[in-house]
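S.K.: Keeping their order, the protein sequence lines are chains P and B.
Per the numbering used here, the very first residue in the first sequence carries number 109; after that it's consecutive.
Per the numbering used here, the very first residue in the second sequence carries number 358; after that it's consecutive.
Positions of the beta carbon are idealized from the N, C-alpha and C atoms, including for glycine.
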Amino acid sequence: MKFSSTTLKPRMVTSVSALAGIGSLLLVWQALVSLAGLPHYILPGPLTVLGALYQYRDMLIQHGLVTILEIMLGFLFGIGMGMLTALALASFPPLRRTLLPVLLITQAIPIFALAPILMLWFGYGLLSKVVMATLIIYFPVASTCYDGLRQTQQGWLDLAHTMGASKYMILLHIRLPAALPSLASGLRMAATAAPIGAVIGEWVGSSAGLGYLMLQANGRMQTDLMFAALLVLIVFSIALYFAVDALIRRLMPWNPDRIRASVSAGE
Amino acid sequence: MSALGVRIDAARLKFRDQWLFKDIACELPAGSWTCLLGRSGCGKSSLLRLIAGLPLPETSHIAITTDDGQPLAGRVAWMAQQDFLLPWRRVIDNVVLGPSLRGKIRRSDIERGEALLESVGLADKRHQWPAALSGGQRQRIALARTLFESAPLIMMDEPFSALDAITRLELHELAARLLASRTVLLVTHDPFEALRLADQMLIFQGHPAHLERLGPPPGERPRDPADPRLNAWQAQLLHYLRHEPVAEAGDEVF
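1. Report yes if the C-beta distance between P:T175 and P:L318 is below 8 Å; otherwise report no.
2. Just grab the DSSP bridge partners of B:I669 for me.
3. Does B:A532 have its Cβ less than 8 Å from a Cβ in chain P?
4. Quick one: grab the DSSP three-state call for B:W486.
5. Which same chain residues, not among the five before or five after P:F111, have their C-beta less than 8 Å away from its C-beta?
6. Does the beta-carbon of B:R599 have 16 or more other beta-carbons within 10 angstroms, so that it is buried, or is it exposed?
7. Which residue wins for smallest C-alpha separation from P:Y276, given the options B:G460, B:E569, B:I523 and B:G470?
8. Is there a Cβ from chain P that is less than 8 Å from the Cβ of B:S538?
9. Check for me: the alpha helix (DSSP H) holding P:F247 runs from which residue to which?
10. Straight-line CA distance for B:K379 to B:Q438?
11. May I have the straight-line CA-CA distance separating P:L127 from P:M120, to the nearest angstrom?
12. Using a Cβ cut-off of 8 Å (strictly closer), state whether B:P444 contacts chain P.
13. Got a sec? Which residues, its chain only, sit under 8 Å from B:D608 by beta carbon, not counting five neighbours each side?
14. Roughly how many angstroms separate the alpha carbons of B:E506 and B:S402, rounded to a whole number?
15. For P:G256 versus B:F441, is the C-beta spacing smaller than 8 Å?
16. Along the region 252-271 of chain P, what residues have a CB closer than 8 Å to any CB found in chain B?
17. For B:G400, tell me which candidate among B:I462, B:F549, B:A368 and B:L595 has the shortest Cα-Cα distance.
18. In the structure shown, what three-state DSSP assignment does B:Q439 receive?
19. Could you tell me which chain B residues have their CB closer than 9 Å to the CB of P:M277, listed as they occur along the chain?
20. What does a CB cutoff of less than 6 Å around B:A551 pick up in its chain, not counting 5 residues either side in sequence?
21. My output table needs one value for B:I462: the three-state DSSP class, helix, strand or coil.
22. Taking just the CA atoms, how far does B:L443 sit from B:E530?
23. Spell out the partners DSSP gives B:H418 in its beta bridges.
24. Any beta-carbon of chain B closer than 8 Å to the one on P:W379?
25. Only counting the same chain, and skipping five residues up and downstream in sequence, which positions put a Cβ closer than 6 Å to that of B:R364?
26. Can you pull the chain B neighbours of P:A273, defined as C-beta to C-beta under 8 Å?
27. Given that P:I169 touches chain B, what residues does it touch there, using C-beta distances under 7 Å?
28. Does P:S112 come within less than 8 Å of chain B when only Cβ atoms are used?
29. Compare the C-beta of B:L474 with all C-beta atoms of chain P and state if any pair is closer than 8 Å.
30. Does the beta carbon of P:I356 sit closer than 8 Å to a beta carbon anywhere in chain B?
31. Give a yes or no on whether 8 Å exceeds the smallest Cβ distance from P:P285 to chain B.
32. Could you work out which residues of chain P lie near B:E506, taking near to mean beta carbons separated by less than 9 Å?
33. Apply the 10 Å Cβ neighbour rule to B:I560 and answer buried if 16 or more other Cβ atoms are within range, or exposed otherwise.
34. Note down, in chain order, every chain B residue with its Cβ under 9 Å from the Cβ of P:H148.
35. With a cut-off of 8 Å, does the C-beta of B:A360 fall near any C-beta of chain P?
36. Does P:F344 pass the burial test, meaning 16 or more other C-beta atoms within 10 Å, or should it be called exposed?
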């Protein structure tokens, strides 16, 4: 493996800039708490939150694992259902007239409004949260994947046609890979939206999870624990985003931006 | 592979309730290069798609007969203005796209693909991604992919128009050498290109369009771009294209 200065420098600059941004935010936060003399039950300082993070670590891990499971299951089901819908829409044109309005309706219903009904139908356990997370990412995945499948370049399809390719082979070798860049945008959106769905579900009714823990902490005025739970949730969301981003990069080593970057870096 | 002669009859195509061309007939002699010229929007590319059996949104009809009496379907290779390399397949995988799309790729296909890359001068690029290559290199790979299909009829829709002048001249020579045994139908906007490469030129004229056939300039294709007569012929051809003379089919201009 080669780490030339040309490839390392931009990465280092990015990391240092990101750390500087986070550091500045923490400093402003602490300064606000110290200078304004805000009580800890209104806004605890970052050091107090770090303390709570350590003090309640077992509880945070226990509830965090529940939320992670909800997020991951919702993410996988949402992607699966979204992609299947997109494939059905692209493969059976008459289906578009009936399925597209339904797809739009699923997006038009505010997910907060739907949460109590889902609790009623699926109970206060894991399932209702998974359904929430699934629903919240279903539309972005379905629509971006469908857009990608629909916008396959006519020139590629012409070529495949003259080469005697079947519809299935065109889908497998041309339309699906061509839809990957669009789908990647949907997956990145889904990675940030799935935790929202799960936590909304936990707020409306649950007996475990970070959302549940935050509600309990709120009731007991344990603001530092609320912030600690929020911090864990942010870390989950960021980790999921970067994991998805890394997966996308792995699936698309041919991405022109990436190739141009490696060419200009002399790799 | 023996070259295939093709005859086109009664080709017609309607666009927005108007005939773009009507009852067009032409002959593509076996092993010859036919260049199709005409103004933008006259229907050249549509005629090419019609012959290749590609989908068209308009009402259309065509009758195709071949020398050997077999259907033309499945015996056409297509090369467009853009290279249409699949960015997610490496160079060699683009060259052997045909068998891969038909679901029966063999080791011998890869070897033949590599030999074709050698013949277009890009053997060292076989494991590269298309995005890392220049326009000229990409079009060479598209040419190798076209050759790989071993189709007796090659349909080319302005394949060299997006290239710089020098690369275009080089590709004329390469294509003329590698496609020597095939029947080629080439749509072009460039009279100079047609004069270098054609055995016959078919010009779209009038509304609805009909075809005027022009005989080839003397000499073996690809004709030398340094030949001063080529400029004179080009001037005549441009004059002919601009003024749309009413010529009898089969008139020899050169």
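M.R.: With the given structure in hand:
1. yes
2. In the structure as shown, chain B begins at 358 and stops at 611. Residue 669 of chain B is therefore absent and cannot be evaluated.
3. no
4. coil
5. Low confidence applies here, because P:F111 scores a pLDDT of 46, under 50, leaving its location unreliable; read the following figure in that light. Nothing listed; no residue qualifies.
6. exposed
7. B:G460
8. no
9. L234 to R258
10. 25 Å
11. 10 Å
12. yes
13. Confidence in B:D608 is poor, its pLDDT being 42 and thus under 50, which makes the residue's placement unreliable; the coordinate value appears in the next sentence. Once the five neighbours on either side are set aside, the close Cβ partners of B:D608 are E569, R570 and L571.
14. 21 Å
15. no
16. Q261, G263, W264, D266, L267, A268, H269, T270 and M271
17. B:A368
18. coil
19. S457, L458, R459 and G460
20. C392, L394, T545 and M558
21. coil
22. 25 Å
23. B:R369
24. Nothing about residue 379 of chain P can be read from this structure; chain P reaches only from 109 to 375.
25. E384 and T422
26. L458 and R459
27. Simply none; closest approach about 40 Å.
28. Bear in mind that the predicted position of P:S112 carries a pLDDT of just 48, short of 50, making it unreliable; the figure below should be weighed with that in mind. Not closer than 8 Å to any Cβ of chain B, the Cβ of P:S112 fails to qualify, so no.
29. no
30. no
31. yes
32. T270 and M271
33. buried
34. Within 9 Å Cβ-Cβ: nothing; P:H148 doesn't reach chain B, min ~54 Å.
35. no
36. buried
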